[in-house]
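First up is the structure itself, then whatever we jot down about it.
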Amino acid sequence: RAGNNLASHCAFQGGTLIYEQVPMVEIDGMNLVQTRAILRYIAAKYGLYGRSLEEQAWIDMYVEGLRDLSDMIMFFPLSLPEEKEMNLEYILHRATTRFFPAYEKALRDNKQHFLVGNRLSWADVQLLEVILMVEECKAGVLSGFPLLQDFKVRTSQIPTIKRFLQPGSQRKPPLDDESIGTVKDIFKFEQGMFLKNMSTIVAEY
Numbered sequence: 001r002a003g004n005n006l007a008s009h010c011a012f013q014g015g016t017l018i019y020e021q022v023p024m025v026e027i028d029g030m031n032l033v034q035t036r037a038i039l040r041y042i043a044a045k046y047g048l049y050g051r052s053l054e055e056q057a058w059i060d061m062y063v064e065g066l067r068d069l070s071d072m073i074m075f076f077p078l079s080l081p082e083e084k085e086m087n088l089e090y091i092l093h094r095a096t097t098r099f100f101p102a103y104e105k106a107l108r109d110n111k112q113h114f115l116v117g118n119r120l121s122w123a124d125v126q127l128l129e130v131i132l133m134v135e136e137c138k139a140g141v142l143s144g145f146p147l148l149q150d151f152k153v154r155t156s157q158i159p160t161i162k163r164f165l166q167p168g169s170q171r172k173p174p175l176d177d178e179s180i181g182t183v184k185d186i187f188k189f190e191q192g193m194f195l196k197n198m199s200t201i202v203a204e205y
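Residue 52 in our numbering sits at position 52 of the sequence shown, and the numbers go up by one each step.
Printed below as a string of structure tokens:
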């Protein structure tokens, strides 16, 4: 962690963080910033960004929807104590009444093992990650979504993904109290950020 902080400090001093914020990825001689720009570049580089403009548009739409749900979960640990139960219910309600039905339908309509086309895409990887995030909030949340259940099992067995999901990999565990405190100190977050963030997301619908 200290090494990462030092690298970020050096990058800031050297002007490679063009917006003065992380994340930043050094790849192919570039210093890429902005999460979605990084992910989109990596997806395209490794054949996870569709075979046509139409497929890319669908992938973008699915990923953007998943981002809305993942943002809710990301800000959940910053809930006020008296609002935590209410916020969790809100996340689970949105997941099971808006987002999961949409992706269940997408899998059914595509008639393939994937959200878009006939091969793995960035959208599939993002969907699996969000499913796992929601299940960390409540086990069994996929009980009413058989296609998503099958999707999770099947996608989790892809060798590179399976290795990533093993204990000891680079995948980060859910935040504990100590980690939450560190995040607040570094990024100047404060309790109550969940509702502030949600008011923005709700306003977009």
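No residue lacks a Cβ here, since even glycine has one placed at the ideal position from N, Cα and C. Quick caveat: nothing in here was measured; it's all calculated off a predicted structure.
How should valine 153 be labelled, buried or exposed, when 16 other C-beta atoms within 10 angstroms of its C-beta is the threshold for buried? exposed
Just verifying my parser: in three-state terms, what is the DSSP assignment at leucine 107? helix
Please say whether leucine 32 and tyrosine 41 have beta carbons closer to each other than 9 Å? yes
Would the beta-carbon of proline 81 be found less than 8 Å away from any heavy atom of the ligand PLP? This structure lacks the ligand PLP, and indeed carries no ligand of any kind.
Going by alpha carbons, who is nearest to isoleucine 91 out of Pro81, Phe75 and Lys105? Phe75
How many Å lie between threonine 155 and isoleucine 161 at the Cα? 7 Å
Between the Cα of phenylalanine 100 and those of Gln149, Val116, Cys137 and Asp71, spot the shortest distance and give me the residue it belongs to. Gln149
Just checking: is the beta-carbon of aspartate 150 within a distance shorter than 9 Å of some beta-carbon in chain C? Note that chain C does not occur in the displayed structure, where there is just one protein chain.
Which residue spans inside the stretch 62 to 129 form an unbroken alpha helix (DSSP H) run of at least 4? 84 to 94 and 100 to 110
Grab me the residues of cysteine 137's own chain with a C-beta within less than 7 Å of its C-beta, minus the 5 sequence neighbours each way, in chain order. Ile73, Leu88, Ile91 and Leu92
Report yes if the CB atom of tyrosine 62 is closer than 9 Å to the CB atom of tyrosine 103, and no otherwise. yes
When burial is assigned at 16 or more other CB atoms within 10 Å of the CB, is alanine 44 buried or exposed? exposed
How long is the line joining the alpha carbons of methionine 30 and leucine 39, rounded to whole angstroms? 14 Å
Measuring CB to CB, does glutamine 126 end up less than 9 Å from leucine 66? yes
For alanine 139 and aspartate 60, the rounded distance between their alpha carbons: 28 Å
Alpha carbon to alpha carbon, what distance is there between arginine 171 and valine 25? 17 Å
Counting only the same chain and skipping the five closest in sequence on each side, list residues whose C-beta sits under 8 Å from that of cysteine 10. With a pLDDT of 47 at cysteine 10, under the threshold of 50, the predicted position of this residue should be treated as unreliable, though the coordinate-derived value follows. Excluding sequence neighbours, cysteine 10 sits near nothing in its chain.
Can you list, in chain order, the residues of its chain with a C-beta nearer than 7 Å to that of tryptophan 122? Leave out the 5 residues immediately preceding and following it. Leu39, Ala43, Leu48, Tyr49, Ile59 and Val63
Proximity below 9 Å, CB of valine 134 to CB of alanine 106: no
With 16 as the cutoff for other CB atoms within 10 Å, does leucine 128 come out buried or exposed? buried
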